[in-house]
Amino acid sequence: MKRLIKKIEKYYKSKKDSLFFYPLACLLYENGAKEEAFDILIEGISKFPHYLLALIKIAQILMDEEKYEAAESYLETVLQINNANVLALELLADAYEKQGKIEQAIQTLEKLLTLNPSPKIKSKLLSLASLYTPSIEK
Numbered sequence: 004m005k006r007l008i009k010k011i012e013k014y015y016k017s018k019k020d021s022l023f024f025y026p027l028a029c030l031l032y033e034n035g036a037k038e039e040a041f042d043i044l045i046e047g048i049s050k051f052p053h054y055l056l057a058l059i060k061i062a063q064i065l066m067d068e069e070k071y072e073a074a075e076s077y078l079e080t081v082l083q084i085n086n087a088n089v090l091a092l093e094l095l096a097d098a099y100e101k102q103g104k105i106e107q108a109i110q111t112l113e114k115l116l117t118l119n120p121s122p123k124i125k126s127k128l129l130s131l132a133s134l135y136t137p138s139i140e141k
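What follows is the structure, given as structure tokens:
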């Protein structure tokens, strides 16, 4: 694995304007170089701001670090580019839930359910709905 990382790293350094930043960052992250992976992703999306996989990976890293609000921002960017991105919707619902934004999590899961009517999504939606009490305005 380290040889593969070195090869991709060498190629990436010779062609900084390539999309190789993403696989390099993923490999680095999987091998524990989380900060370096994050930095490479941030540098990469500055050149390729619509690279959805990279934006999602950044959000996943932020979620792993419990930085849900920051992850939410990246996921919302993904959904501005492609509003039917199932992975982004699933992660965004999780980010909302972890922040206690239950109503937003439910709305996101409802949209996700139309795109991916899986039992997992239905179960998650029912679970959140059972916890949610809407506020009644006078």
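First residue of the sequence shown? That's 4 in the working numbering, and the numbers climb one at a time after it.
Idealized CB from N, CA, C, for every residue including glycine.
Computed from a prediction, not measured in an experiment: that's the story for all the values here.
As for any alpha helix (DSSP H) of minimum length 4 sitting wholly inside the region 9-38, the runs are 24-33, ordered along the chain. For residue 110, the enclosing alpha helix (DSSP H) stretches over residues 105-118.
The region 16-24 and the region 34-50 touch, with three or more beta-carbon pairs separated by less than 8 Å.
Note on geometry: alpha-carbon atoms of residue 65 and residue 130 lie some 25 Å from one another.
Taking C-beta separations shorter than 7 Å and ignoring five residues to either side along the sequence, the partners of residue 78 in its chain run 62, 91, 94, 95, 98, following chain order. Going by C-alpha positions, residue 128 is about 47 Å away from residue 17. Taking residue 108 as reference, the option from 118, 120, 135, 7 with the minimal CA-CA separation is 135.
In this structure, the CA atom of residue 6 is about 19 Å from the CA atom of residue 19. C-alpha of residue 38 to C-alpha of residue 115: approximately 31 Å in a straight line. The beta carbon of residue 88 sits closer than 8 Å to the beta carbons of 55, 59, 81, 82 from its chain, once the five residues preceding and following it are set aside; these are given in chain order. Between the beta-carbon of residue 72 and that of residue 102 there is about 7 Å, and that keeps the pair under the 8 Å contact cut. If you look at residue 62, you'll find it in the alpha helix (DSSP H) that goes 55-67. Where residue 126 is concerned, the enclosing alpha helix (DSSP H) starts and stops at 122-134.
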